[in-house]
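Chemist:
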Amino acid sequence: MNQEFLMILFQDSIQFALLLSAPCLLSILFSGLLMSIFQASTQITEQTLSFIPKIISVVLSCIVFGPWMLQITLEYINNIFHIISIISSSS
1066 MNQEFLMILF QDSIQFALLL SAPCLLSILF SGLLMSIFQA STQITEQTLS
1116 FIPKIISVVL SCIVFGPWML QITLEYINNI FHIISIISSS S
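Plus 1065 on top of the position in the sequence shown (first one is 1) and you've got our numbering.
1) Could you tell me whether the Cβ atoms of methionine 1134 and proline 1118 are closer together than 8 Å?
2) By the 10 Å Cβ neighbour count, where 16 or more other Cβ atoms means buried, how is serine 1096 classified, buried or exposed?
3) The alpha helix (DSSP H) spanning leucine 1171 covers which residue range?
4) Taking the alpha-carbon of serine 1086 as reference, which of Ile1145, Ile1137 and Ile1148 has the nearest alpha-carbon?
5) State the start and end residues of the unbroken alpha helix (DSSP H) segment that holds threonine 1107.
Below, the structure is given as structure tokens:
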């Protein structure tokens, strides 16, 4: 277990976190953008108006992308446990 291996493992974990959070973050981004365009076109200045669509978009994205998120999470956990077993057997 050297520094290269740890850096690759760290890089994989960061990529996994970004990949797992991307659907929710993108849905928040697009719903916020649509709400800001709507608010600008109707000149509504209420700041709390955008929270409900964002919450709804996150819930819907979790429902739609939930099985995929669970699948990649299980694959990542299996990969980590496999790496742990390889490291413990080589020691």
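Backbone N, C-alpha and C fix where the C-beta goes; we use that ideal spot for every residue, glycine too.
Modeler: Looking at the coordinates:
1) No.
2) Buried is the call here.
3) There is no way to answer for residue 1171, as the model of the chain reaches only from 1066 to 1156.
4) Distance check between serine 1086 and each of Ile1145, Ile1137 and Ile1148 places Ile1137 closest, using alpha-carbon atoms only.
5) In the DSSP assignment, threonine 1107 falls within the alpha helix (DSSP H) that extends over 1068-1107.
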